[in-house]
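Trainee: The structure's right below; bear with me while I get my questions together.
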Amino acid sequence: QVQLVESGGGLVQAGGSLRLSCAASGSVSNIRAMGWYRQAPGKQRELVAVIARGGSADYNDSVKGRFTISRNIANNTLYLQMNSLKPEDTAVYYCNARDWTKYYWGQGTQVTVSS
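Written as structure tokens, this is what we have:
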């Protein structure tokens, strides 16, 4: 089992920045990828960014060039640096971890971008 706890959400004006953090605990040695998803009201949850165990990263086209996913392996923490935020980035952001059999989710953190 893997436990995930997000932090760092909040309210920011358009053009501003936020950094989300996700602390992982439990069977972290089994994790093969981690990522960030988001869900806006009335919309489906979508992938924002993912980083594989080897370090390669991939992004939703809508955030490329603005968001950066990274990790600190020593303290089992995943980050999402979000720059040039837009009102359409407003959503609940969820941390995700995958082992060979399961997906694990954090509780979510709200990001609100005002225009």
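Numbering-wise (the working numbering), the sequence shown opens with residue 185 and increments by one. Using N, Cα and C, we set each Cβ at its ideal position, and we do this for glycine too. All values derive from a computational prediction rather than experimental measurement.
Whole angstroms are fine: how far does the CA of Tyr277 sit from the CA of Gly292?
Mentor: Position 108 of the sequence shown, counted from the first residue, corresponds to residue 292. Position 93 of the sequence shown, counted from the first residue, corresponds to residue 277. For Gly292 and Tyr277, the distance between alpha carbons rounds to 5 Å.
Trainee: If I'm right that Leu264 touches Ala224 with Cβ under 8 Å, what's the distance once you round it to whole angstroms?
Mentor: Mapped onto the sequence shown, residue 264 falls at position 80. Mapped onto the sequence shown, residue 224 falls at position 40. Rounded, the Cβ-Cβ distance is 16 Å, inconsistent with contact.
Trainee: Let's test the definition: count the other Cβ atoms within 10 Å of the Cβ of Glu190 and tell me whether it reaches 16, buried, or not, exposed.
Mentor: The sequence position of residue 190 within the sequence shown is 6, counting from 1. Buried: at least 16 other Cβ atoms inside 10 Å.
Trainee: For Gly219, write down the residues that DSSP places opposite it in a beta bridge.
Mentor: Taking the first residue of the sequence shown as position 1, residue 219 is located at position 35. Gly219 is bridged to Val234 and Asn280.
Trainee: Going by DSSP, what residues sit across from Asp242 in a beta bridge?
Mentor: Here residue 242 is taken as the residue at index 58 of the sequence shown, counted from 1. DSSP output for Asp242 lists Val234 as bridge partner(s).
Trainee: I think Ser323 touches Val186, with their Cβ atoms under 8 Å apart; what is that distance to the nearest whole Å?
Mentor: For the chain, the structure presents residues 185 to 299; residue 323 sits outside this window and is missing.
Trainee: May I ask which residues mark the beginning and end of the beta strand (DSSP E) holding Ser254?
Mentor: Stepping through the sequence shown from its first residue, residue 254 is reached at position 70. Where Ser254 is concerned, the enclosing beta strand (DSSP E) stretches over Phe251 to Asn256.
Trainee: Who are Thr261's beta bridge partners in DSSP?
Mentor: Start at 1 with the first residue of the sequence shown, and residue 261 comes out as number 77. For Thr261, which the question treats as bridged, DSSP gives the partners Ala207 and Asn256.
Trainee: Is it buried or exposed for Trp220, if we count other Cβ within 10 angstroms and need 16 for buried?
Mentor: Counting from 1 along the sequence shown, the entry for residue 220 is found at position 36. Counting Cβ neighbours within 10 Å, Trp220 comes out buried, since at least 16 surround it.
Trainee: Contact between the stretch 282 to 291 and the stretch 259 to 273 is defined here as three or more beta-carbon pairs at a separation below 8 Å; is this criterion met?
Mentor: No: the two stretches stay apart, fewer than three of their Cβ pairs being nearer than 8 Å.
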